[in-house]
Structure formats: C-alpha cells, structure tokens
Amino acid sequence: MIQRIQTLFLALAVIANVLMFFYPVVNITEFTEVHSDVLETDYYEMSALGISDPSPDSIPQMDKMASLPLLIIILIIVIFVVYAIFRYKNRPHQLKLVKLSIFLNIILVAGIFLNYPQFFTDANIMIEPDLGAYFPLISLVLLVVANRYILKDHKLVSSVD
C-alpha cells in the first residue's frame, strides 16, 4: 500500500535531497598570500547545480566540475528513493533500494563534511558547510526510519505466512 508511514518518510527524504539544488551546500573562500600576508580574494557558494559567485566581476578559480559528483549522487539517491516508493509490493527489493540509498547518503555526507572540493583546486581555500549540507543528514535519518518501518512490515507479513 502506498499510504504506509514509510512512504511518508521516503517522500520527505526525496524533498530533503531536492532542496540541495536550491540551497548552497558549502561556502568556499579563497585566500592569496601577498608579502607574508594572507588576504581573502574571493567567495563562492557551491550547490548541487554548481558554483555560484555572488560578486559579478570575479572569475572562479575552482573547476565547475567540482560539483558534478555531488549532482550525480543526489540524482541517483532521488531516483532510487522515488523508485522504492513505488516498489511497495516487493518489500525485499524496496529494502535493498533503501539500504543502497542510505549507503549513498553516507558517502554524500562524508564528501560534504570531509571537504571534497579541496581536491579540485590548487588555491588555498577554506570550506565551510552551509544550510544545504544538513539536508543529507536529514535525509539519512528519514531513510533509516523508513527502512525500519519497511523491515517491520516485512516481518509482519512473513510471520503471517
């Protein structure tokens, strides 16, 4: 049945992941050393859609491809979770999809909080998580709770058989 409680948690997990397209995930500040003084040279915001620069006259030194892994992982998670919502008749398959989504969400959280954009640049940068960085954590909790309810339903149906 599609009106089960785990469907609500899965739908909220999809919403949390989609919100990463609209809110910056990390703030990136570039620094330059001039005569032994460290100066802030530029400021960027990275979301799932790419790197945006609030100041119109500066050119980002970071590669635009830095946000591509973020975009790919978010899209895969959203596709798996939406597909899992409609696989309610096949609970073992739904469990596998949700567990895979949990694993991908853990990779996403680790990538965000371990500052993976530093691997794509040669400049001295400082990366700070922004509002969008906490949506994968929310999604992770929602997926774990949905997994628990799916497993509970699976055990209930198995006990009746």
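Each residue of the sequence shown is one higher than the one before, starting from 24 at the first, in the working numbering.
Idealized CB from N, CA, C, for every residue including glycine.
From a predicted model like this one, the values you see are computed outputs, not experimental measurements.
Per-residue burial, residue i [other beta carbons within 10 Å of its own, 16 or more giving buried]
i      : result
Leu91  : exposed
Ala133 : exposed
Val180 : exposed
Phe126 : exposed
Val37  : buried
Leu131 : buried
Integer-rounded CB distance, given that residue j should sit under 8 Å from residue i
i      : j      : result
Asn128 : Leu166 : 6 Å
Ala89  : Ile74  : 7 Å
Met69  : Val48  : 6 Å
Selected residue, minimal CA-CA separation from residue i, among the options
i      : options                           : result
Val39  : Leu123, Glu53, Gly155 and Ile130  : The question names Val, but residue 39 in the sequence shown is Ala. Answer by Cα proximity: Gly155.
Leu98  : Asp76, Leu118, Leu72 and Thr30    : Leu72
Ala169 : Val105, Ile135, Pro47 and Glu151  : Val105
Ile96  : Gln29, Lys178, Asp153 and Met43   : Met43
Tyr67  : Ile150, His177, Gln117 and Phe136 : Ile150
Ser162 : Leu33, Tyr46 and Arg27            : Leu33
Leu31  : Phe136, Ile130, Tyr111 and Pro152 : Tyr111
Proximal residues to residue i (C-beta, below 6 Å), its chain only, five neighbours per side dropped
i      : result
Leu93  : Ala71
Leu35  : Leu165
Phe158 : Ala39, Leu42 and Met43
Asn147 : Phe54
Close-in-space but distant-in-sequence residues of the same chain around residue i (CB under 8 Å, 5 per side omitted)
i      : result
Leu123 : Phe103
His177 : Arg114, Pro115 and Leu118
Phe136 : Pro152 and Ala156
Tyr46  : Ser70, Asp153, Leu154, Gly155 and Phe158
The ligand COA heavy atom lying under 7 Å from the CB of residue i
i     : result
Ile28 : This structure does not include the ligand COA; it has no bound ligands of any sort.
Beta-carbon contacts of residue i that lie in its chain and below 7 Å, excluding the five residues immediately before and after
i      : result
Ile173 : Gln29, Arg114, Gln117, Leu118 and Val121
Thr52  : Glu63, Tyr66, Ile148 and Met149
Every unbroken alpha helix (DSSP H) inside the segment 72–137 [4 residues or more]: Counting whole runs of 4 or more residues, the segment 72–137 contains the alpha helix (DSSP H) stretches 91–108 and 114–136.
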